[in-house]
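In my numbering, the protein residues as written are 70 to 705. Right, one structure below, let's go through it.
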Ligand SMILES: [Zn+2]
C-alpha cells in the first residue's frame with residue numbers, strides 16, 4: 070500500500086529517496102511560481118532531510134536558487150534548446166528544415182544528431198570564468214570548480230559552451246547513496262555557496278566531473294535529411310546507448326551555416342536545432358477538484374487535483390492548468406480524464422485532455438468573492454480571453470502576492486506567502502508600509518522574537534547593499550515589465566523618467582510593441598507614487614544603469630588588438646588591470662598557453678621559470694611599469 074506523499078502527516082515514515090524527490094519537485098514548482106504544497110509542509114520535509122542527511126546538497130541548493138547572484142554577463146545569450154516529444158513533432162521540424170533549405174537552393178540538407186547531456190549548462194570564457202546559463206544573459210561564475218578539479222573536454226582556445234556532467238559509472242559506485250540522481254549532484258555542487266562538501270571535493274579530485282563541449286562532441290552523426298527521416302528512431306536509440314553520462318534525449322541540428330542563418334533564432338532558442346526528449350512517462354487520471362490561487366495582479370490561477378498517479382517514481386496529485394482560458398477551452402473540470410506527463414523536467418505537466426467535461430469556471434474571486442472579469446492574453450494567445458481577474462484592489466490575496474513579488478524581486482529573503490499573508494492581515498498591506506515596519510510590529514502580529522529579528526535583518530541587509538535599478542522597476546509587478554524588459558528600458562531612460570514614458574517612446578525600442586508599450590506605460594504611470602517612494606524615501610541604495618561608464622577604447626593605443634597576460638602582484642587588482650587593458654583595446658588572456666599571447670606583464674613575485682617559459686614561447690616579457698609606459702601613462 071502506497072501512501073500519497075501529499076497527505077502524509079508523519080513524514081518520518083517516508084523513504085529518503087522519496088523525501089528528496091518530493092522536495093525537488095516542490096522546490097521547482099515553487100520557483101516557477103506555482104507552489105504545490107503549503108510552506109509548512111515544505112518546511113517539515115526540509116527539517117526531516119536535515120536530520121537524516123545534514124550534508125545533502127538540496128539543503129544548500131534550495132536557498133541559492135532563490136538568492137543566486139547573476140553577476141557575470143554572457144558575451145552572447147546562452148539559449149536553450151526547443152523540445153519535441155514525438156516522432157510526429159520531429160517530422161514537422163524536418164519539414165521546416167527542408168523548406169528553409171530550399172530557399173537557399175539546397176534540396177537535401179545535412180542534419181546531425183548528438184546526445185543531449187542532462188546536467189548543468191555552462192560556458193567557459195577566455196578570462197577563466199566558468200559561468201552557468203543563469204537567466205541566459207547573465208549567470209553565476211563558478212570557476213572555483215575548475216580549481217577543484219573539474220575537467221574540461223574540448224577546445225579551450227576559444228569560448229566553450231557545454232554541459233557539466235558526472236560520469237555515470239562513477240556516480241553509481243560512489244555517489245548514488247548520497248544523491249537522488251546525477252543531475253541533483255551537479256546542481257548541488259554548482260549551488261554550494263558555503264564551500265564544497267566531501268562528496269563534491271572527492272568526485273572533482275577523482276576527475277569524474279566534466280565540462281563537455283557541445284562543439285567538440287565526438288559522437289555526432291550527420292546524414293542527409295532524406296536518409297535521416299527513415300532512420301531517425303534508430304539513430305536516436307544509438308545515441309542514447311553507451312554514453313558515459315546521463316542523457317535526457319538527443320539533439321538534431323542543421324549542419325549547413327546558410328540554412329542555419331535562414332532558420333534563425335527565436336527569443337530563447339535557435340530554430341535550427343531541436344531536442345527530441347526521451348519519451349517521458351505519462352499517465353492517465355481523473356480530475357477530482359480545481360482550486361484557484363490568486364496571483365499578484367488578481368489573476369485566478371487554476372491548480373488541478375487528480376487521482377494519484379506515479380510518474381518516474383514520484384506520486385503526483387496536482388499540477389497547474391496555467392490559466393482560466395485553458396480550463397475553458399480544454400473542458401477541464403471534475404471528472405475530466407487527463408494525461409499527465411513528466412519527462413526530464415521535475416515538474417509534472419498537463420499533456421492532453423482525453424475526455425473533456427463541461428468546464429467549471431468560477432464567477433467570484435477565490436479570496437475576496439469579488440466578481441471576476443476576463444482579460445485577453447498576449448500575441449501567443451491571439452488576444453483571446455485568457456485570464457480571469459479580480460479587480461478588487463482591497464483583495465487580500467492580491468495584496469499578499471504583490472508584496473511577495475516585490476520582496477522576491479529585490480531579493481529580501483525569508484518572506485514566504487504565509488508570512489506575507491499575516492502582514493496583510495496585520496495592516497501592512499501595501500509596499501510602502503513594509504519600509505516602515507519594525508521588529509515590534511512583527512512581534513505584535515504574533516511572529517516569534519527570533520523570526521521577527523530575522524525578517525527585519527534580511528530587509529535591512531537589502532537596504533544596505535547596492536541594488537540595480539532594473540530590480541526596482543521589475544519589483545512593481547507590472548505586466549510585460551519583468552527584469553529583462555526593465556533592463557532594456559533603463560538603457561534608454563532614467564529611473565525617474567519611467568512614469569512619464571509614452572506608448573510611442575516604449576514601442577520605438579527593440580523588443581517592444583504597441584501592446585506592451587500600452588501596458589507598460591499605463592502600469593508605470595499608475596505606480597508613479599510608489600516608484601517615487603522607492604527612489605527617494607525607501608532608503609534603497611539604487612545603482613543607476615545610466616551612471617555606468619562605458620569603456621572607451623583609446624584610439625591610438627599601443628596594445629590595441631594585442632593579447633596580454635597579467636601575472637604576479639600588480640599595483641592594481643587583477644580586475645582593474647583587466648579593465649585598464651580593455652580600455653587600451655587589448656585582449657586579456659588568463660595564461661600564456663592556449664591562445665597565442667603577445668605580452669606577459671609581470672608584477673611582483675613572478676617565478677623565473679614562468680618568465681623563461683614565456684620567452685621560449687616567443688612571448689615578450691615586460692614589467693608593469695613598462696606596460697604603463699607603453700600605454701603612455703607611466704606611473705599610473
Ligand atoms: Zn479578490
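Note that the Cβ used here is the ideal one computed from N, Cα and C, for glycine as well.
With a 10 Å radius around its C-beta and 16 neighbouring C-beta atoms as the bar for buried, classify residue 213 as buried or exposed. Translated into the one-based positions of the chain shown, residue 213 becomes position 144. Result: exposed.
Best match in 535, 684, 640 and 627 for proximity to residue 652 [C-alpha to C-alpha]: Mapped onto the chain shown, residue 652 falls at position 583. Among 535, 684, 640 and 627, the Cα nearest to that of residue 652 belongs to 627.
Leaving out five residues on either side along the sequence, give the residues of the same chain with a beta carbon under 6 Å from the beta carbon of residue 655. As a position in the chain shown, residue 655 is number 586, starting the count at 1. Taken in chain order, the residues that qualify are 628, 631 and 633.
In terms of residue numbering, what span does the alpha helix (DSSP H) encompassing residue 40 cover? Only positions 70 to 705 of the chain appear in the structure, and residue 40 is not among them; the question remains open.
Where residue 185 falls, given that 16 or more other Cβ within 10 Å makes a residue buried: Translated into positions along the chain shown, residue 185 becomes position 116. It counts as buried.
Around ligand 1, which residues pass a check of Cβ closer than 5 Å to any of its heavy atoms? 434, 436, 437, 439, 459, 461 and 464
Identify the continuous beta strand (DSSP E) that holds residue 182 and give its terminal residues. Here residue 182 refers to the residue found at position 113 of the chain shown. From DSSP, the beta strand (DSSP E) with residue 182 extends over 179 to 186.
Determine the burial state of residue 424: buried for a count of at least 16 other Cβ atoms within 10 Å of its Cβ, exposed for fewer. Indexing the chain shown from 1 puts residue 424 at position 355. By the neighbour-count rule (16 or more Cβ atoms within 10 Å), residue 424 is not buried but exposed.
Residue 605: buried (16+ other C-beta within 10 angstroms of its C-beta) or exposed? Your numbering for residue 605 matches position 536 in the chain shown. It is exposed - the Cβ of residue 605 has fewer than 16 other Cβ atoms within 10 Å.
On the DSSP letters alone, give me the boundaries of the alpha helix (DSSP H) that residue 494 sits inside. Position 425 of the chain shown, counted from the first residue, corresponds to residue 494. Its alpha helix (DSSP H) spans residues 486 to 494.
Could you check the C-alpha separation between residue 579 and residue 433 for me, to the nearest Å? Locating residue 579 in the chain shown gives position 510, counting from the first residue. Locating residue 433 in the chain shown gives position 364, counting from the first residue. Going from the Cα of residue 579 to the Cα of residue 433 covers about 39 Å.
Cβ-Cβ distance between residue 285 and residue 178 below 7 Å: Here residue 285 is taken as the residue at index 216 of the chain shown, counted from 1. Here residue 178 is taken as the residue at index 109 of the chain shown, counted from 1. Cβ distance not < 7 Å, so residue 285 and residue 178 don't count as in contact.
Distance, Cα to Cα, residue 694 vs residue 649? One-based indexing of the chain shown puts residue 694 at position 625. One-based indexing of the chain shown puts residue 649 at position 580. C-alpha separation (whole angstroms): 14 Å.
Where residue 661 sits in the DSSP three-state scheme: Taking the chain shown and counting its residues from 1, one reaches residue 661 at position 592. Reduced to three states, the DSSP call for residue 661 is coil.
Check whether residue 538 and residue 611 have beta carbons under 7 Å apart: Walking along the chain shown from the start, residue 538 turns up at place 469. Walking along the chain shown from the start, residue 611 turns up at place 542. It is a contact, given that the beta carbons lie within the stated cut-off.
Simplified DSSP assignment, three categories, for residue 456: Residue mapping note: residue 456 aligns to position 387 of the chain shown, counting from 1. Residue 456 falls in the strand class under three-state DSSP.
Other residues of its chain near residue 268: CB distance less than 7 Å, five sequence neighbours each side excluded: What you label residue 268 is simply residue 199 of the chain shown in a count that begins at 1. Closer than 7 Å at Cβ, skipping near neighbours: 244 and 247.
Select from 690, 657 and 665 the residue whose C-alpha is nearest the C-alpha of residue 671. Here the question's residue 671 lines up with position 602 in the chain shown. The residue with the shortest Cα to Cα distance from residue 671 is 690.
Residue(s) in a DSSP beta bridge with residue 88: In the chain shown, counting from the first residue as 1, residue 88 sits at position 19. None; residue 88 has no bridge partner.
From residue 234 to residue 272, what does the alpha carbon distance come to, in whole angstroms? On the chain shown, position 165 is the one that residue 234 refers to. On the chain shown, position 203 is the one that residue 272 refers to. C-alpha separation (whole angstroms): 11 Å.
Please look up how many angstroms separate the CB atoms of residue 181 and residue 290, rounded, as I've assumed it's under 8 Å. Position 112 of the chain shown, counted from the first residue, corresponds to residue 181. Position 221 of the chain shown, counted from the first residue, corresponds to residue 290. Right, the Cβ-Cβ distance comes to about 6 Å (below 8 Å), so this counts as a contact.
CA-to-CA distance, residue 464 to residue 391, given in whole angstroms: Mapped onto the chain shown, residue 391 falls at position 322. Mapped onto the chain shown, residue 464 falls at position 395. Each residue's alpha carbon lies about 21 Å from the other.
Taking the C-alpha atoms as reference points, what is the distance between residue 222 and residue 205? For the purposes of this step, residue 222 is taken as the residue at position 153 of the chain shown. For the purposes of this step, residue 205 is taken as the residue at position 136 of the chain shown. Each residue's Cα considered, the two are about 22 Å apart.
Exposed or buried, which one is residue 567 when buried takes at least 16 other CB atoms within 10 Å? Here the question's residue 567 lines up with position 498 in the chain shown. By the neighbour-count rule (16 or more Cβ atoms within 10 Å), residue 567 is buried.
Output the boundary residues of the alpha helix (DSSP H) element that contains residue 524. Stepping through the chain shown from its first residue, residue 524 is reached at position 455. Per DSSP, residue 524 belongs to the alpha helix (DSSP H) from 518 to 532.
Which residues does DSSP pair with residue 387 in a beta bridge? In the chain shown, the residue the question calls residue 387 occupies position 318. Note: residue 387 sits in a beta bridge opposite 374.
Please identify the residue among 370, 238, 119 and 114 whose C-alpha is closest to the C-alpha of residue 456. Position 387 of the chain shown, counted from the start, is the residue given in the question as residue 456. Residue 456 has its Cα closest to that of 370, out of 370, 238, 119 and 114.
Can you list, in chain order, the residues of its chain whose CB lies under 8 Å from that of residue 427, leaving out five sequence neighbours each side? Along the chain shown, one-based indexing puts residue 427 at 358. Cβ within range, chain order: 400 and 402.
Per the contact definition of three or more C-beta pairs closer than 8 Å, is the region 116 to 126 in contact with the region 151 to 162? no
Select from 115, 675, 584 and 657 the residue whose C-alpha is nearest the C-alpha of residue 573. Taking the first residue of the chain shown as 1, we reach residue 573 at position 504. Comparing Cα positions, the closest option is 584.
Quick check on the DSSP output: the beta strand (DSSP E) that includes residue 232 runs from which residue to which? As a working note, residue 232 is residue 163 in the chain shown. Taken as a continuous stretch (DSSP letters only), the beta strand (DSSP E) holding residue 232 covers 229 to 235.
Taking DSSP's pairing of strands, which residues face residue 345 in a bridge? Position 276 of the chain shown, counted from the first residue, corresponds to residue 345. Per DSSP, 153 and 319.
Do you know whose CA, among 686, 89 and 683, lies nearest residue 384's CA? Mapped onto the chain shown, residue 384 falls at position 315. Among 686, 89 and 683, the Cα nearest to that of residue 384 is on 89.
Which residue or residues does DSSP assign as beta-bridge partners of residue 635? As a first step, residue 635 must be located in the chain shown, where it is residue number 566. Looking at the DSSP assignment, residue 635 forms a beta bridge with 670.
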